[in-house]
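Numbering (our numbering), first residue to last: 370 to 594.
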Ligand SMILES: Nc1nc2c(c(=O)[nH]1)N[C@H]1C(S)=C(S)[C@@H](COP(=O)(O)O)O[C@H]1N2
Ligand SMILES: [Mo]
């Protein structure tokens, strides 16, 4: 490679960084990831967290006044404080995180509570088939089937990489479902509703993504990495 070639590579890098912002921003309004040309995809960074919100700023929730309510198709509507959540059996796992737009973070250490333990007190009715997670960031929500939520690597997380979740990552609590794309991983969860059908579609699903957002096996898989 001569000097001019190196100069050209450096220039492409700068353009790439600028374009990455542009493409990810535009992705918020459509499924642009699908039509990213290969040459651009190759220079879009694919490692490391990006912080997503649908609003203008990161929700800040006061830990003392935080409440998580479990309602809908349950025997006993139940409300937890953050201290209540911490008293439930603690689950920990290390899993990779994938956003449908093409970035991933490997080996994230999560700490929180399994949905079986979280839902036990509320006691879902026989007729309950789905679990809807409602964010403090209205109108962000998403739904898992009860079976998906009860899988051994799904949880409501309140800790990440050895510390409390940061506000940006969803403090006080967020959904973790690592085998599905990031949009199923609702942040700032304040309400959980058990429902008796799977009709509801979440915030990003209303904008074209699959309900069953399996990494590599849903329509997000069309994203060019
Ligand atoms: N409330 C809320 N939860 C959300 C989102 C959001 O915009 N608002 N974005 C989702 C998407 S698309 C991804 S990839 C992850 C990103 O997690 P992070 O912001 O902790 O990196 O959060 C998910 N949960
Ligand atoms: Mo995402």
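Backbone N, C-alpha and C define an ideal beta-carbon position, used for all residues, glycine too.
The structure presented is a predicted model; accordingly, all values stated were derived computationally and were not measured.
Hey, residue i and residue j: beta-carbon distance below 8 Å or not?
| i | j | result |
| --- | --- | --- |
| residue 437 | residue 533 | no |
| residue 545 | residue 523 | yes |
| residue 557 | residue 428 | yes |
| residue 579 | residue 571 | no |
| residue 460 | residue 482 | yes |
| residue 475 | residue 458 | no |
| residue 505 | residue 559 | yes |
| residue 494 | residue 444 | yes |
| residue 562 | residue 424 | no |
| residue 484 | residue 454 | no |
| residue 528 | residue 479 | yes |
| residue 430 | residue 488 | no |
| residue 510 | residue 553 | no |
Quick check: the Cα distance between residue i and residue j, rounded to an integer number of angstroms?
| i | j | result |
| --- | --- | --- |
| residue 377 | residue 498 | Annotation note: pLDDT 33 at residue 377 (below 50); position unreliable, coordinate value reported separately. Using only the alpha carbons, I get a separation of about 55 Å. |
| residue 447 | residue 551 | 27 Å |
| residue 450 | residue 456 | 10 Å |
| residue 536 | residue 416 | 21 Å |
| residue 582 | residue 514 | 12 Å |
| residue 426 | residue 566 | 33 Å |
| residue 586 | residue 491 | 33 Å |
| residue 575 | residue 568 | 12 Å |
| residue 422 | residue 507 | 10 Å |
| residue 531 | residue 577 | 35 Å |
| residue 500 | residue 520 | 13 Å |
| residue 503 | residue 435 | 14 Å |
| residue 462 | residue 452 | 21 Å |
Please tell me whether, using a cut-off of 7 Å, the distance from the CB of residue i to the nearest non-hydrogen atom of ligand 1 is below it.
| i | result |
| --- | --- |
| residue 419 | yes |
| residue 554 | yes |
| residue 509 | yes |
| residue 447 | no |
| residue 559 | no |
| residue 506 | yes |
| residue 539 | yes |
| residue 423 | yes |
| residue 573 | yes |
Looking at the C-beta of residue i, does it have a partner C-beta in chain D at a distance below 8 Å?
| i | result |
| --- | --- |
| residue 505 | The structure shown has no chain D; it contains just one protein chain. |
Roughly how far, in whole angstroms, is the beta-carbon of residue i from the beta-carbon of residue j, given that I think they are within contact range, below 8 Å?
| i | j | result |
| --- | --- | --- |
| residue 467 | residue 584 | 5 Å |
| residue 477 | residue 464 | 6 Å |
| residue 419 | residue 472 | 6 Å |
Would you say the beta carbon of residue i comes nearer than 7 Å to a heavy atom of ligand 2?
| i | result |
| --- | --- |
| residue 551 | yes |
| residue 470 | yes |
Problem - Secondary structure, alpha helix (DSSP H): runs of 4+ residues fully inside the segment 411-470 - result: Qualifying alpha helix (DSSP H) stretches, in chain order: 451-456.
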